[in-house]
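Novice: Numbering (my numbering), first residue to last: 841 to 1789.
Can you read through this structure? Questions will come right after.
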């Protein structure tokens, strides 16, 4: 371990006051001043902040001891100019809690300015020394309207006070970035002393019509400049934008209008403000029905606004959640119509899917329409000249032009201005907002080809000199671009499949247990999106739990693998917490809903995946920059190509035989220029990185791996260790009986019959494996379902080969016990035997150890306080486990296995898949990865420093 670091300052007599560190000593002389910091061993020092930057002339070590902050303040010094580099360095903010508001009045400790001032905190990355913090402070103070700026070096944070009428948050951020550092305004609600309840909302908007990174930059710029908008992030691959805004300043309709004014289609998908519901309505057939629906909603308390679309039969209602709930609203409409109207809540993600499908369908129609007109043009231009009879018809003259030219002109005009109208509209809107995109290139290239052909026709009609036309170039280019757009829509849809599958994990309906108007308890099926906190929900065997909550009655095992990754079911009893979307296996549960909507675990997972897919990888910043200058560069290159080929032809750089029939150097050069324009597509450049991120996060989510965005993917190449769980990750998570040993003269079949009878009433996965093994051994049908509950009597006879069981009791963590034919039967682990005073012989213990060494779990069986047999249960490895581990090792990544199983079983599994490093938590009762992570980080740091481990 590093034990001591020395810091040498400029060679002048300087005295410093030292405060705050119990691990600090100092010494001084006429030549240098040395500060020595005592560093703790790495695992203990890990939680603190330490960074060193050592140069040829001076060094600097900045350290936060954790207990107090360390401050250096110059007391006296010489005339050396370099000595000022360390002068008045503020290393850390004070730990004292500030009580000032984000919006303060000028004069309350701030000089200059009048009226209200705003204070924000900005996170800054890239600062390495005091000179960096000084340059940031200077850059901030130079902004007109900034009253004060203070930078905390170790905390990478700046505290800025400014006049909001002169400076925006983005201006502060841009000033820092112009100084060469990355900046991020830390999220915080805008509060005042008069109105401290003001808060921001986060809205998710669909944005249609974006084709490349330039469109994204344009939309983001427009949204960020709106008053009241704090943050705006737009994702091209998902056509989604996330906007954080102050609802007291700007409305969601203003945001939608801004998006549409920029030339795109916008609509609100969902907001953090839960006062909007969209439902599908069936039963509205006539105008009278529509008026009835309107009357019901108009007289409903709490309904602010509503809009009914008769074409899509969708009803959008804005309501006050403090006055009326969404379920009360739906029930009120259905009851007010005497059951004529039936309402069902439309999932926002289902609407997004339908819009994606609609966009793809629209693009497919455009492509097919363009193809329908382009094929005849191609046929006339390429095929007909080889068919003399048909070609002679095309050469008929009709007015100033021949039939060939008339047909091509008419067909291509439809493609150019009707089907290709979207490219002109998109290009005009982009140029209006000072940006360029793919539409500009397509419109420019196809227009050059089209209008040149028109000019050639008119020139030929006027002079009699006929030049070749290139109408087919325009139509075929538009057709191929539309084909690319259609394929792009399909690709976008496939990349969002992961989110769709996550949404499908939640059940569509739920069984609500409540009281009717007469006070009688009833069960009724409701839409899962109408569940409210406090609702009691009934979950039947095999059903999905509709919401996060707490079990109030019942007992059952629940499969939580979709959240935890653990394939082993978890016992849920009264007061146990359950997660929405998990599967109830056998028993009936009554659950009280506690978290719904965005607070639910499944919703947070979906949100995490969405956020990861919307996040931009660091490499994408470069791609976005290139895309922003891509179109002007392509246009410039196209002009250079035109001039180069034209001048080259005029000076004889290439023979005239290269020219097409009846062509000239200008036409020949123009074709190359158009080719440069039309083959350049910034869409691929802008889509490459976000699509890769979406595919990676989507595939990961599909296999239970949550990746937090592109930055995590980029940093994954630096991974040194991968930590695996055993059960359900390396193994299949499905128990199988492999060994059955009887220590007495009892028949093996009879032994299995007794054990299966005892385990038949248990819902534990090991019990199910034992019963299944015994059933196959006896070639009988499996047992019928049994009554749920932890402890109950079972006096009735189970049909088939199983024996009568009484006084059954399931003991979590140890096994089961019951009575069969008057004998007490125990089936479980060592702990169960020890608690019941049953002695385990050395031979039996040796056999169990042998099972554990071969990656099996030993289950002990006792009759009437005597141990008579052992069952070996194994969890087979996944087929790909060893291959994955070997692949990681070849990549230089060290695999580590962590498990709660006993040490021998864990060691056997690790040996089988060739994992050298194993961590088994004590007694298999807890799984705390924190200390393991610290240990592995220490190994990484020591390895990089070249120290012995």
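No residue lacks a Cβ here, since even glycine has one placed at the ideal position from N, Cα and C.
The structure displayed is predicted, hence computed values, not measured ones.
Measuring straight from C-alpha to C-alpha, what distance separates residue 1750 and residue 1446?
Specialist: So the alpha carbons of these two residues sit roughly 33 Å apart.
Novice: Between the region 1143-1156 and the region 1341-1361, do at least 3 Cβ pairs fall closer than 8 Å?
Specialist: The region 1143-1156 is not in contact with the region 1341-1361.
Novice: Run the CB neighbour count on residue 1560, radius 10 Å, all protein chains shown included, and call it buried at 16 or more, exposed below.
Specialist: Looking at its Cβ environment, which holds fewer than 16 other Cβ atoms inside 10 Å, residue 1560 is exposed.
Novice: If we require 3 or more residues per run, which beta strand (DSSP E) segments fall completely within the region 1550-1598?
Specialist: Whole beta strand (DSSP E) segments, 3+ residues: 1561-1565, 1576-1582.
Novice: Give me, in chain order, the residues of the same chain whose beta-carbon lies closer than 8 Å to that of residue 1479; leave out the 5 immediate sequence neighbours on both sides.
Specialist: Correct list, in chain order: 1513.
Novice: Measuring CA to CA, which of 1610, 1585, 1586, 1606 is closest to residue 1596?
Specialist: Comparing Cα positions, the closest option is 1610.
Novice: I need the straight-line Cα distance from residue 1101 to residue 1108, nearest angstrom please.
Specialist: If you take the alpha carbons of residue 1101 and residue 1108, they lie about 15 Å apart.
Novice: How far does the beta strand (DSSP E) with residue 1504 in it reach, from first residue to last?
Specialist: Careful: residue 1504 lies outside any beta strand (DSSP E) and carries neither H nor E.
Novice: Which same chain residues end up closer than 7 Å to residue 1279 when comparing Cβ atoms and leaving out the 5 residues on each side of it in sequence?
Specialist: So the qualifying residues of the chain are 1051, 1263, 1266, 1267, 1270.
Novice: Between residue 1505 and residue 1292, what straight-line distance do the alpha-carbon atoms span, to the nearest angstrom?
Specialist: So the alpha carbons of these two residues sit roughly 14 Å apart.
Novice: Would you check if the region 1347-1358 and the region 1366-1379 touch, i.e. whether three or more CB-CB distances between them fall below 8 Å?
Specialist: Yes, since at least three Cβ pairs between the region 1366-1379 and the region 1347-1358 fall closer than 8 Å, the two stretches touch.
Novice: Which one of 1729, 1703, 1516, 1642 has the shortest CA to CA distance from residue 1662?
Specialist: For the residues 1729, 1703, 1516, 1642, the minimum Cα distance to residue 1662 belongs to 1703.
Novice: Please state the DSSP three-state secondary structure of residue 1051.
Specialist: Note: residue 1051 maps to coil in three-state DSSP.
Novice: Taking the alpha helix (DSSP H) that residue 1263 falls in, what are its first and last residues?
Specialist: First-last of the alpha helix (DSSP H) with residue 1263: 1261-1272.
Novice: Report the partner residues of residue 1654 according to the DSSP bridge assignment.
Specialist: The partner list for residue 1654 (beta bridge, DSSP) is empty, contrary to what the question assumes.
Novice: Quick one: residues in its chain with C-beta nearer than 6 Å to the C-beta of residue 981, no 5 flanking neighbours on either side, listed in chain order?
Specialist: Only 989 meet the Cβ criterion.
Novice: Using only the alpha-carbon positions, how far apart do residue 1223 and residue 1516 sit?
Specialist: Roughly 27 Å separates the two Cα atoms.
Novice: Apart from the five residues on each side of it in sequence, which residues of its chain come closer than 8 Å, Cβ to Cβ, to residue 1234?
Specialist: 1220, 1224, 1242, 1243, 1244, 1247, listed in sequence order.
Novice: List the endpoints of the continuous beta strand (DSSP E) containing residue 1138.
Specialist: Not the beta strand (DSSP E): residue 1138 falls in the alpha helix (DSSP H), residues 1127-1138.
Novice: Could you please give me the residues that DSSP links to residue 1023 through a beta bridge?
Specialist: DSSP lists 964 as partners of residue 1023.
Novice: If you measure between the beta carbons of residue 1701 and residue 1713, is that distance less than 8 Å?
Specialist: No, they are not a contact pair.
Novice: In this structure, how does DSSP classify residue 1757 when only helix, strand and coil are distinguished?
Specialist: DSSP places residue 1757 in strand when its eight states are reduced to three.
Novice: Look at the alpha carbon of residue 896 and the alpha carbon of residue 1556, and state the distance between them as a whole number of angstroms.
Specialist: Low local confidence applies: a pLDDT of 33 at residue 896 is under 50, so the model's placement there is unreliable, and no value is given.
Novice: Does DSSP put residue 981 in a helix, in a strand, or in coil?
Specialist: Reduced to three states, the DSSP call for residue 981 is helix.
Novice: Any beta-carbon of chain C closer than 8 Å to the one on residue 1748?
Specialist: Looking for chain C here will not work: only one protein chain is present.
Novice: Taking one C-beta from the region 1428-1436 and one from the region 1379-1388 each time, how about it: are there three or more such pairs within less than 8 Å?
Specialist: Segments in contact, yes.
Novice: Quick one: what does DSSP say residue 1094 is sitting in, helix, strand or coil?
Specialist: Residue state, collapsed to three classes: helix.
Novice: Less than 7 Å between the CB of residue 1369 and some heavy atom of the ligand FAD, yes or no?
Specialist: Within the structure as shown, the ligand FAD is missing, as the structure has no ligands at all.
Novice: So, helix, strand or coil for residue 1104, using DSSP?
Specialist: Correct three-state label for residue 1104: coil.
Novice: Relative to the alpha-carbon of residue 1562, which residue among 1583, 1755, 1593, 1500 has its alpha-carbon at the smallest distance?
Specialist: Nearest of 1583, 1755, 1593, 1500 to residue 1562, Cα basis: 1755.
Novice: Within the same chain, show all residues whose beta-carbon is closer than 7 Å to that of residue 1494, passing over the 5 residues directly before and after it, in chain order.
Specialist: So the qualifying residues of the chain are 1488.
Novice: Quick one: using the 10 Å Cβ neighbour count with 16 as the cut-off for buried, is residue 1227 buried or exposed?
Specialist: The residue is exposed, with fewer than 16 neighbouring Cβ atoms inside 10 Å.
Novice: Could you tell me whether the Cβ atoms of residue 962 and residue 1012 are closer together than 8 Å?
Specialist: The answer is yes: Cβ separation under 8 Å.
Novice: Here's a check: name, in chain order, each residue in its chain whose Cβ is nearer than 6 Å to the Cβ of residue 1718, leaving out the five neighbours to either side.
Specialist: So the list reads 1572, once near-sequence residues are dropped.
Novice: Going by beta-carbon coordinates alone, are residue 1322 and residue 1210 separated by less than 8 Å?
Specialist: Taking 8 Å as the Cβ cut-off, residue 1322 and residue 1210 qualify as a contacting pair.
Novice: Measuring straight from C-alpha to C-alpha, what distance separates residue 1212 and residue 983?
Specialist: Residue 1212 and residue 983: Cα-Cα distance of roughly 59 Å.
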